[in-house]
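The sequence shown maps to residues 3 to 365 in our numbering.
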Amino acid sequence: MSGAKYSGLIDRYWERLPVKNRKHIVTLHEGNTPLILAKNLVKEIFGTKKQSSEDSDNNIRLYLKYDGLNPTCSFKDRGMTMAVTKAVEEGSKAVICASTGNTSASAAAYAAKAGLSAYVIIPEGKIAMGKLSQAVMHGAKVIEIKGNFDEALALVRDISENYPITMVNSLNEHRIVGQKTAAFEVVDVLGDAPDYHALPVGNAGNITSYWMGYTEYHAEGVFEKLPKMLGFQAEGAAPIVKGEIVKNPETIATAIRIGNPASWKRAELARDESGGLIDTVTDDEILEAYRMIALKEGIFCEPASAASVAGVIKKKEIFKPGDTIVCTLTGHGLKDPDTAIGVAPETHSVSPDIEQVLEAMGL
Ligand SMILES: *Cc1c(COP(=O)(O)O)cnc(C)c1O
Numbered sequence: 003m004s005g006a007k008y009s010g011l012i013d014r015y016w017e018r019l020p021v022k023n024r025k026h027i028v029t030l031h032e033g034n035t036p037l038i039l040a041k042n043l044v045k046e047i048f049g050t051k052k053q054s055s056e057d058s059d060n061n062i063r064l065y066l067k068y069d070g071l072n073p074t075c076s077f078k079d080r081g082m083t084m085a086v087t088k089a090v091e092e093g094s095k096a097v098i099c100a101s102t103g104n105t106s107a108s109a110a111a112y113a114a115k116a117g118l119s120a121y122v123i124i125p126e127g128k129i130a131m132g133k134l135s136q137a138v139m140h141g142a143k144v145i146e147i148k149g150n151f152d153e154a155l156a157l158v159r160d161i162s163e164n165y166p167i168t169m170v171n172s173l174n175e176h177r178i179v180g181q182k183t184a185a186f187e188v189v190d191v192l193g194d195a196p197d198y199h200a201l202p203v204g205n206a207g208n209i210t211s212y213w214m215g216y217t218e219y220h221a222e223g224v225f226e227k228l229p230k231m232l233g234f235q236a237e238g239a240a241p242i243v244k245g246e247i248v249k250n251p252e253t254i255a256t257a258i259r260i261g262n263p264a265s266w267k268r269a270e271l272a273r274d275e276s277g278g279l280i281d282t283v284t285d286d287e288i289l290e291a292y293r294m295i296a297l298k299e300g301i302f303c304e305p306a307s308a309a310s311v312a313g314v315i316k317k318k319e320i321f322k323p324g325d326t327i328v329c330t331l332t333g334h335g336l337k338d339p340d341t342a343i344g345v346a347p348e349t350h351s352v353s354p355d356i357e358q359v360l361e362a363m364g365l
């Protein structure tokens, strides 16, 4: 089903989202992101042993839901179109969020479109450059704190309770509700749910949203079998896996550098109801998957996004021939060019001389 004739996901899934009047919709034409069959990754991860022939039903099918192709280049736009639309509907004049980066970029853009003020509280020095540049370009008031995301969020909760400013973190239920549309899109494209859905887990809003989307569609009889949800936290920021708050979360994947997830309980519910799992991946595993996705599929995602594929690699024994796996790539690689340059081979500069250039080319 093509979404081309729709302007954004509230329009597309109008009857499933609690907006009162189409006139209130604040959209940047988010959603309808591609679901890309990743055959090269399948070969790389599973080899060819289990595959009887190229396109047989026995092959494992791995799809990448590339949500880095949303308007501000992360899945956060799905929730933000809803949160800002509802803020407008409720007469709010300002929004506020704590952010590891992408929420602030998205909040700033949607607030700009709606003519609202945006306040952003971020952990100092831990935001990828691309994300910070978006927030400032869209006119958000950015406040850096000498603390981590969890402390930023506590401040935001306090402020939004005491001032007429709408909090647009994923504690705002409209965010969760908007993000569930990604599950609808997957099913609308595949004509069915996948067997497994893998994604990175930070505040755990997205895994909560996908599960909400899948179970809603399932209850309507759109497809038969629900997917197993596979969530992956970075090893240095894995409170759900460890079963306790992580005071000083650390990982190269800054978007999931969260020690006390807002949707902790609901993520566990998604895991348990679906018969899935939440596990850790190391920074090295994340970076390896990050490079593999770029090298083998031509898709550039940010490090946190690659946790989904890193998790599938780690857990590859659980998949059987014929299984369909969807990995969400939550954000675009250009958000965080520093990490990319850091893992790439060094470039050398030579004179503008044919011999030297050919030598550098290895010819
Ligand atoms: C926000 C974010 C996540 C984590 O999503 P949660 O809903 O917080 O679990 C993962 N990847 C990227 C790129 C993000 O921006």
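Cβ atoms here follow ideal geometry from the backbone N, Cα and C, with glycine treated the same way.
Since this is a predicted model, take the numbers as computed values, not measurements.
I'd like the span of the alpha helix (DSSP H) that includes residue i, first residue to last.
i	result
V138	131 to 139
A362	356 to 363
A116	104 to 116
P339	339 to 345
L11	11 to 14
D152	151 to 164
Determine the DSSP secondary structure at residue i, reduced to helix, strand or coil.
i	result
D285	helix
I209	helix
T253	coil
K52	Residue placement at K52 is poorly supported in this model, since its pLDDT is 47, which falls under 50; the coordinates still yield a value, given next. K52: coil per DSSP, three-state reduction.
Y121	strand
I260	coil
H31	coil
S353	coil
G313	helix
K244	helix
D274	helix
L71	helix
E126	coil
N42	helix
L19	coil
E290	helix
K1	Examination of residue 1 is not possible in this model, given that the chain is present from 3 through 365 alone.
E348	coil
F186	helix
E319	helix
G215	helix
K267	helix
V191	helix
Are the CB atoms of residue j and residue i within a distance shorter than 8 Å?
i	j	result
K182	E222	no
A309	P241	no
S211	I178	yes
P73	L37	no
V158	I124	no
G313	A257	no
G261	N150	yes
A109	A120	yes
C303	G344	no
I27	K318	no
G215	M84	no
I98	I161	yes
D325	A184	no
H350	A342	no
A206	P263	yes
H199	V328	yes
A156	I147	no
A96	I167	yes
A137	A113	no
S276	K230	yes
Tell me where the beta strand (DSSP E) around residue i begins and ends.
i	result
K88	Counting along the chain, K88 falls outside any beta strand (DSSP E), though it belongs to the alpha helix (DSSP H) covering 78 to 91.
G233	230 to 236
I38	37 to 39
What are the residues that DSSP puts in a beta bridge with residue i?
i	result
M169	I98
V328	Y65, H199
Q181	Its beta-bridge partners do not exist; DSSP assigns none.
K143	Y121
I280	G233
C2	Given that the chain is displayed from residue 3 to residue 365, the structure contains no residue 2 and the question cannot be resolved.
Is any heavy atom of ligand 3 found at a distance shorter than 7 Å from the C-beta of residue i?
i	result
A116	Ligand 3 is not part of the structure shown, which contains ligand 1 as its ligands.
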